[in-house]
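S.K.: Sending over a structure as structure tokens; questions will come in a sec.
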């Protein structure tokens, strides 16, 4: 039988071991970035270390997570690799330039393995305010990262329509930060078939950012999707999703009235005796 003292010791050993492994893996990854041409191996070490460090920090209930010097080091190395890629391209060495840019991109992705962290949090922490807070931090980090990276619109769209939860949240965050990458049909599909309350809230939040750019037909489709969610879906009364859907409905109310009026006028067809058709 495990005594309270042993359980206490074990509870201290596990995060300590995670931390040691995380620091070792992350440190080895950083060193490998500078000392080897094996970009894939270096990035793997960084990813393993990043996730283990994240688990350590959440176990110890640390409220903010920044990797400080390590992140700065990786960012500088990525910039250096991009500069070397530009030099190689100017010499006509396009193969080397492509290789260097791919390594730089791998480093940037390793700095914030957002999709992996999202899945780790959902699997390891029970639903509640703390999990929501951590998931919000992951989404905020993804938005910050999106501001400085290059994306293909179709790639972001496919991420949002895919099956991986972390990739979908990352895609929503990217679209929130980058208006030019937004796709209404993909956002609408996410609202209709969201996999979690967290995902649905961020899809609604993104839709609210897009209202000024939607056509009357798109506005109508959005309102219909919201009505479906409110009448039998996961937009539940008393939740932040309900409040956000209320805000969207209020903002689109004038447009909805105009659309209803236009539809009504379109159905009023004069008969031969001058009376409207029934």
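In the working numbering, the protein residues as written are 91 to 368.
Don't be surprised by glycine CBs; every beta carbon is placed ideally from N, CA and C.
Computed from a predicted structure; not experimentally measured.
Looking only at its chain, what residues have a beta carbon closer than 7 Å to the beta carbon of residue 261, apart from the 5 residues adjacent to it on each side?
M.R.: 246, 249, 250
S.K.: When we look at the beta-carbon of residue 238 and count the other beta-carbons within 10 Å, is it buried (16 or more) or exposed?
M.R.: Residue 238 should be labelled exposed.
S.K.: DSSP on residue 217, reduced to helix/strand/coil?
M.R.: Residue 217 sits in coil when the DSSP states are folded into three classes, being neither helix nor strand.
S.K.: Please report how far the alpha carbon of residue 269 lies from the alpha carbon of residue 259, in whole angstroms.
M.R.: Straight-line Cα distance between these residues: approximately 16 Å.
S.K.: Could you give the DSSP three-state label for residue 273: helix, strand or coil?
M.R.: coil
S.K.: Is residue 299 near residue 274, with beta carbons less than 9 Å apart?
M.R.: no
S.K.: With distances taken between CB atoms, is the gap from residue 231 to residue 253 smaller than 9 Å?
M.R.: no
S.K.: Report all residues from its chain with a CB closer than 8 Å to the CB of residue 176; omit the five preceding and five following residues, and keep chain order.
M.R.: 187
S.K.: Are the Cβ atoms of residue 255 and residue 208 separated by less than 9 Å?
M.R.: Yes, Cβ-Cβ distance for residue 255 and residue 208 is below 9 Å.
S.K.: By a C-beta neighbour count over all protein chains shown, 10 Å radius and 16 as the cutoff for buried, is residue 340 buried or exposed?
M.R.: In summary, residue 340 is exposed, with fewer than 16 beta-carbon neighbours lying within 10 Å of its beta-carbon over all protein chains present.
S.K.: Which first and last residues belong to the alpha helix (DSSP H) in which residue 326 is found?
M.R.: Premise fails: residue 326 is in no alpha helix (DSSP H) and is neither H nor E.
S.K.: Rounded to whole angstroms, what's the CA-CA distance from residue 317 to residue 306? Just pull it up for me.
M.R.: 16 Å
S.K.: Report the three-state DSSP secondary structure of residue 293 (helix, strand or coil).
M.R.: The answer is helix: DSSP assigns residue 293 an H, G or I state.
S.K.: Would you give the residue range spanned by the alpha helix (DSSP H) that residue 260 belongs to?
M.R.: Residue 260 -> alpha helix (DSSP H) spans 255-267.
S.K.: What three-state label does DSSP hand residue 314 in the structure shown?
M.R.: helix
S.K.: When the Cα of residue 171 is compared with those of 190, 324, 288, which residue comes out closest?
M.R.: Considering only alpha carbons, the answer is 190.
S.K.: Classify residue 335: buried if its beta carbon has 16 or more other beta carbons within 10 angstroms, exposed otherwise.
M.R.: By the neighbour-count definition (other C-beta atoms within 10 Å, threshold 16), residue 335 is a buried residue.
S.K.: How should residue 265 be labelled, buried or exposed, when 16 other C-beta atoms within 10 angstroms of its C-beta is the threshold for buried?
M.R.: buried
S.K.: Is residue 219 near the ligand ATP - that is, is its Cβ less than 8 Å away from at least one heavy atom of it?
M.R.: Annotation note on the ligand ATP: not contained in the displayed structure, which lists no ligands.
S.K.: Nearest by alpha-carbon distance to residue 338: which of 313, 323, 324 is it?
M.R.: 313
S.K.: According to DSSP, is residue 238 helix, strand or coil?
M.R.: coil
S.K.: Run through DSSP, which three-state label would residue 283 get?
M.R.: coil
S.K.: Return the first residue and the last residue of the alpha helix (DSSP H) that residue 250 is part of.
M.R.: 243-251
S.K.: For residue 304, name the three-state secondary structure that DSSP assigns.
M.R.: coil
S.K.: If you count every other CB in all the chains shown that lies within 10 Å of the CB of residue 309, and 16 or more means buried, which is it?
M.R.: buried
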